[in-house]
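Each residue of the sequence shown is one higher than the last, beginning at 0 in numbering that gives the first Met the number 0.
Cβ coordinates follow ideal geometry from the N, Cα and C atoms, glycine included.
Just so it is clear, the structure is predicted and the values come from calculations on it, not from any experiment.
Reviewing the structure listed below.
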Amino acid sequence: MGIMKINVDIDCTPAEARAFMGLPDFEPMQKRTLEVMEKRMMEQLEHFTPDTLLKMWMQPALSAEWFQDMLRRATK
0 MGIMKINVDI DCTPAEARAF MGLPDFEPMQ KRTLEVMEKR MMEQLEHFTP DTLLKMWMQP
60 ALSAEWFQDM LRRATK
C-alpha cells in the first residue's frame, strides 16, 4: 500500500492563527510595554547627546588623582 501525502494551505493572519489555536493575544500588553519603553528612552535621551557623553568620558582624565596615578604607573 502506498503513502498518501496531503497538503493544506491556510490563509490567515497571525492573530487569526493564535485565536484558532486558543493562544492568548499579547498584542495589547506588547503595545503598552513598547509605549513605556519609548517614554523612558525619550526621557533619558538628553543624557546621550555628544556633548554629555564627551563630558562623561573626559571626567576621569581631568581629575588630578587620575593623572597622578597614570604618571605613577608610567614610571614604574
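For the alpha helix (DSSP H) that contains V35, what are its first and last residues?
-> E26 to Q43
Nearest-angstrom Cβ-Cβ length linking R17 and D24, presumed shorter than 8 Å = 6 Å
Just the Cα atoms here: how many angstroms apart are T12 and E45?
-> Each residue's alpha carbon lies about 40 Å from the other.
Straight-line Cα distance separating A73 from P27 = 58 Å
Span separating the alpha-carbon of G1 from that of E34 | 56 Å
With M69 as the anchor, note down where its alpha helix (DSSP H) starts and where it stops.
-> Element bounds for M69: A63 to T74.
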